[in-house]
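Participant: This is the structure, below, for whatever I ask next.
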Amino acid sequence: MADHFARLDSADFPSFEPGTVWLTGAGPGAPGLITLLGYYALGQADVIVYDALVNPKLLAMANPDAETIYAGKRGGKPSPKQADISKTLIEKAGQGLRVLRLKGGDPYMFGRGGEEARTLADAGVKFRIVPGITAGIGGLAYAGIPVTHRDTNHAVIFLTGHDELGGVPQSVDWAAIATAAPVIVMYMAVKHLGSIAAKLMEAGRDGADRVSIVSNAALPQQTVTETSLAAAGTLADSGQVATPAIVVVGPVGQFRDVLDWYSADLRDNELG
Ligand code: SAH
Numbered sequence: 065m066a067d068h069f070a071r072l073d074s075a076d077f078p079s080f081e082p083g084t085v086w087l088t089g090a091g092p093g094a095p096g097l098i099t100l101l102g103y104y105a106l107g108q109a110d111v112i113v114y115d116a117l118v119n120p121k122l123l124a125m126a127n128p129d130a131e132t133i134y135a136g137k138r139g140g141k142p143s144p145k146q147a148d149i150s151k152t153l154i155e156k157a158g159q160g161l162r163v164l165r166l167k168g169g170d171p172y173m174f175g176r177g178g179e180e181a182r183t184l185a186d187a188g189v190k191f192r193i194v195p196g197i198t199a200g201i202g203g204l205a206y207a208g209i210p211v212t213h214r215d216t217n218h219a220v221i222f223l224t225g226h227d228e229l230g231g232v233p234q235s236v237d238w239a240a241i242a243t244a245a246p247v248i249v250m251y252m253a254v255k256h257l258g259s260i261a262a263k264l265m266e267a268g269r270d271g272a273d274r275v276s277i278v279s280n281a282a283l284p285q286q287t288v289t290e291t292s293l294a295a296a297g298t299l300a301d302s303g304q305v306a307t308p309a310i311v312v313v314g315p316v317g318q319f320r321d322v323l324d325w326y327s328a329d330l331r332d333n334e335l336g
């Protein structure tokens, strides 16, 4: 490939200091959705600790001498303990290495990035946050869904369908969010979609509301399933919905009819 930085010198970037951790978002799906800072960090890192949803093509662009450490869930086995991941980051930084902690989407959006950053801060390890494009915004764009549109919504809610115990989050005020915004964007929500939909309908949300489920967003195998809030649980339980998936409740799904630009002929591109 041609020189990626034809007009950028690495001196233009903030220095990736040895002994520091860059907690970095890889973006959703397509490798091209990483930021310039994230891409720069890939080239500089001595160690890369990455999650399951990070596109492996990004690792292929990394410094070839970098050590890569997988920190995601594999084959249904429990994920490595958060404490162990943080310990690895602290140890590697302590050895004077440049540590790239690469997470899918944005590191602070339902990704435990806040917890990791806090552990680093407590341990006195210097870090930088490199934000990323989150699946609930950028992934939807690949499905022809603008997360806001003046004709439909002036507010949006981001929700996780899972808490740390694996159940529907108890701390969410379902009655409030059911009617607070026309659009609700849900992460990790396929497993409990039936009970989430029931809670929203109980609190006054219309069962006829449109639900769009975007699976494998911004990847060649992306699919979008359309249903209603009342029917969403049965569909999710049928096992026909591929994951990872973002579930969108609300009228913005209708824009797909005209904005669905990510057509079959575009999907072979390596970057997005
Ligand atoms: N930090 C990530 C989210 C981590 S939680 C971000 O900002 O995007 C993991 C959840 O994100 C998945 O269960 C799914 O709901 C969503 N997700 C991540 N990548 C996705 C993709 N390519 N397509 C659809 N959903 C995705």
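Residue numbers (my numbering): 65 to 336.
Beta carbons are placed, not taken as given, at the ideal position from N, Cα and C, and that holds for glycine.
Can you tell which of S235, V254, A261, K255 has its C-alpha closest to the C-alpha of A243?
Facilitator: According to the sequence shown, residue 243 is Thr rather than Ala. Minimum Cα distance to T243 is reached at A261.
Participant: Based on Cα-Cα distance, which residue from A105, A240, T132, V247 lies nearest to E81?
Facilitator: If we check each option's Cα against that of E81, A105 comes out closest.
Participant: So, for F77: in the same chain, excluding its five sequence neighbours on each side, which residues have a beta-carbon less than 6 Å away from its beta-carbon?
Facilitator: Same-chain partners within the cutoff: Y104.
Participant: How many angstroms separate the CA atom of F174 from the CA atom of V194?
Facilitator: Using only the alpha carbons, I get a separation of about 15 Å.
Participant: Taking L283 as part of the alpha helix (DSSP H), name the residues at either end of that continuous run.
Facilitator: No alpha helix (DSSP H) contains L283, which DSSP labels as neither H nor E.
Participant: Since D129 contacts R162 with CB under 8 Å, what's their CB separation in whole angstroms?
Facilitator: Not a contact, Cβ separation roughly 11 Å.
Participant: According to the Cβ coordinates, are G91 and L97 closer than 8 Å?
Facilitator: Taking 8 Å as the Cβ cut-off, G91 and L97 qualify as a contacting pair.
Participant: Suppose you measure from the CA of E334 to the CA of P95; what does that come to, to the nearest Å?
Facilitator: Roughly 8 Å between the two C-alpha positions.
Participant: Whether or not the segment 170–186 and the segment 287–294 are in contact is what I'm after, with contact meaning three or more pairs of Cβ atoms, one per stretch, closer than 8 Å; do they touch?
Facilitator: These segments do not touch.
Participant: Which one or two residues does DSSP pair with V113 in a beta bridge?
Facilitator: In DSSP, V113 forms a bridge with I133, R165.
Participant: Any heavy atom of the ligand GDP closer than 7 Å to the Cβ of S279?
Facilitator: Ligands present in the displayed structure are limited to the ligand SAH, and the ligand GDP is not among them.
Participant: Using the Cα positions of G303 and V254, report the straight-line distance between them to the nearest angstrom.
Facilitator: Between G303 and V254, the C-alpha separation is close to 9 Å.
Participant: What separation, rounded to the nearest whole angstrom, lies between the Cα atoms of D115 and K167?
Facilitator: The alpha-carbon atoms of D115 and K167 are separated by roughly 5 Å.
Participant: Going by DSSP, what residue range makes up the alpha helix (DSSP H) through Y104?
Facilitator: It spans 100–108 - the alpha helix (DSSP H) in which Y104 sits, taken as one unbroken run.
Participant: Tell me the rounded alpha-carbon separation between L241 and A219.
Facilitator: For the record, residue 241 in the displayed sequence is Ile; it is not Leu. In a straight line, the C-alpha of I241 is about 11 Å away from that of A219.
Participant: Using only the alpha-carbon positions, how far apart do I197 and K156 sit?
Facilitator: Roughly 26 Å between the two C-alpha positions.
Participant: Apart from the five residues just before and just after D332, which ones in its own chain have a Cβ nearer than 6 Å to its Cβ?
Facilitator: Result list for D332: empty, nothing under 6 Å.
Participant: Quick test of your reading: I310 and A199, contact by CB under 8 Å. State the CB separation rounded to the nearest angstrom.
Facilitator: Right, the Cβ-Cβ distance comes to about 5 Å (below 8 Å), so this counts as a contact.
Participant: What would DSSP say about M65, mapped onto helix, strand or coil?
Facilitator: No answer about M65 holds up, because its pLDDT of 47 lies below 50 and its placement is not dependable.
Participant: Assign G268 to one of two classes, buried (16 or more other C-beta atoms within 10 Å of its C-beta) or exposed (fewer than that).
Facilitator: Exposed, because fewer than 16 other Cβ atoms sit within 10 Å of the Cβ of G268.
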